[in-house]
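Here's the structure we're looking at; comments come further down.
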Ligand code: SAM
């Protein structure tokens with residue numbers, strides 16, 4: 007089996023389907039080796055601020071979809087957002103991720119003033135946005151205000167699958183277009199997908215990896231689909247953690263320099279899900295910095311973890327989990343590595359093949 011950044015479709019399908027524990031271990035080990043030249047054992051942290059649970063979209067899988075009339079909606083004020091950043095900065099965070107539903111209240115002007123103020127107060131910190139699909143001009147305005155990273159999971163790279171997860175008003179073509187526009191503007195872009203959404207096939211997952219290969223994002227967010235009781239997919243099963251881990255490892259092999267979070271959904275699907283994600287090649291964690299009063303309301307799926315703990319408790323819980331995974335917390339901004347830490351150890355296809363052959 008060839009395992010390199012030229013993995014064939016049949017290699018990928020093999021790793022999606024294998025039941026052989028040894029092969030899985032080899033895959034995870036290769037992913038850790040692929041990470042090593044660029045990040046060593048470092049795990050970067052991002053302070054996540056979930057600033058609105060209003061959303062105009064109606065994605066069939068998502069708990070904050072517009073059609074869910076059974077949740078209380080909230081928006082954080084500028085002051086609440088800045089307070090979360092201040093607390094985060096005191097706790098050592100140097101990256102803030104502002105994530106929310108597609109909320110028309112947050113016009114470009116409002117986002118620009120929030121980003122500019124965070125940038126003014128915390129010039130040493132990176133600002134990441136995750137607000138969904140907007141026009142090029144909006145993304146440019148946010149960039150000039152100081153945002154440098156943007157998370158927009160493509161969700162699935164297969165057109166038919168996309169249509170089965172979203173209403174007709176939404177399109178995969180536009181979502182992909184946004185990702186390329188963001189990249190063109192100069193953002194470090196994050197794409198990604200859920201594992202185990204209804205109607206997903208192994209071939210869809212191959213397409214997801216091929217799309218990542220084409221886009222070459224700086225960040226890749228992967229986590230299991232978890233049902234939410236007030237969505238059309240309420241009765242669907244949870245995505246497999248084992249398969250999610252394989253997708254993380256395969257993404258690491260395809261994009262060795264990517265920043266890949268051990269997502270909250272991984273930690274929700276399994277108590278040790280985030281540690282296992284780090285073991286499979288992830289290198290980022292995103293503790294929650296939102297005020298505890300609103301956290302239960304940002305319910306994308308049922309039983310989401312970390313909805314009660316104070317920010318400081320989340321920070322130390324995460325540090326312990328990172329240590330358990332034999333990795334080291336790094337509180338710096340953690341931009342994407344442009345070159346390997348040790349050039350002589352730089353990863354190439356040949357060295358991955360040799361590493362695997364030796365196992
Ligand atoms: N509105 C922004 C966007 O569209 O990118 C950011 C918010 S959106 C809720 C963040 C991510 O949550 C989505 O990209 C999706 O992958 C994930 N998500 C939503 N519902 C989920 C579910 N039921 N299980 C797992 N992940 C889910």
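Residue numbers (the working numbering): 7 to 365. We put the CB at the ideal spot given by N, CA and C, even for glycine.
Beta-carbon spacing of residue i, residue j below 8 Å
i	j	result
residue 149	residue 118	no
residue 56	residue 105	yes
residue 122	residue 287	no
residue 279	residue 254	no
residue 269	residue 69	no
residue 19	residue 208	yes
residue 38	residue 134	no
residue 96	residue 127	no
residue 163	residue 231	no
residue 265	residue 289	yes
residue 83	residue 295	no
residue 171	residue 67	yes
Helix, strand or coil at residue i [DSSP, three-state]
i	result
residue 33	helix
residue 12	coil
residue 352	Any answer about residue 352 is weak, because its pLDDT of 46 lies below 50 and its placement is not dependable; what the coordinates show is given next. Note: residue 352 maps to coil in three-state DSSP.
residue 156	strand
residue 225	strand
residue 113	coil
residue 18	helix
residue 142	helix
residue 67	coil
residue 207	coil
residue 78	coil
Beta-carbon contacts of residue i that lie in its chain and below 7 Å, excluding the five residues immediately before and after
i	result
residue 309	274
residue 125	133, 151 and 152
residue 235	308
residue 60	79, 81, 107, 109 and 111
beta-carbon residue i near the ligand SAM non-hydrogen atom, thresh 7 Å
i	result
residue 272	no
residue 116	no
residue 234	yes
residue 344	no
residue 185	no
residue 3	Summary: the structure shown does not reach residue 3, with the chain confined to residues 7 through 365, and so no result is reported for it.
residue 225	no
residue 257	no
residue 231	yes
Where residue i falls, given that 16 or more other Cβ within 10 Å makes a residue buried
i	result
residue 4	With the chain covering 7 to 365 only, the question about residue 4 has no answer from this structure.
residue 334	exposed
residue 180	exposed
residue 257	buried
residue 214	buried
residue 21	buried
residue 28	exposed
residue 102	buried
residue 192	exposed
residue 345	exposed
Spatial neighbours of residue i in its chain, beta-carbon cut-off 8 Å, leaving aside the 5 residues before and after
i	result
residue 185	158, 160, 195, 197, 221 and 223
Heavy atom of the ligand ATP within 7 Å of residue i beta-carbon
i	result
residue 279	This structure lacks the ligand ATP; its bound ligands are the ligand SAM.
Contacts around residue i, its chain only, beta-carbon distance under 6 Å, and the 5 residues preceding and following it disregarded
i	result
residue 173	64
residue 324	291 and 293
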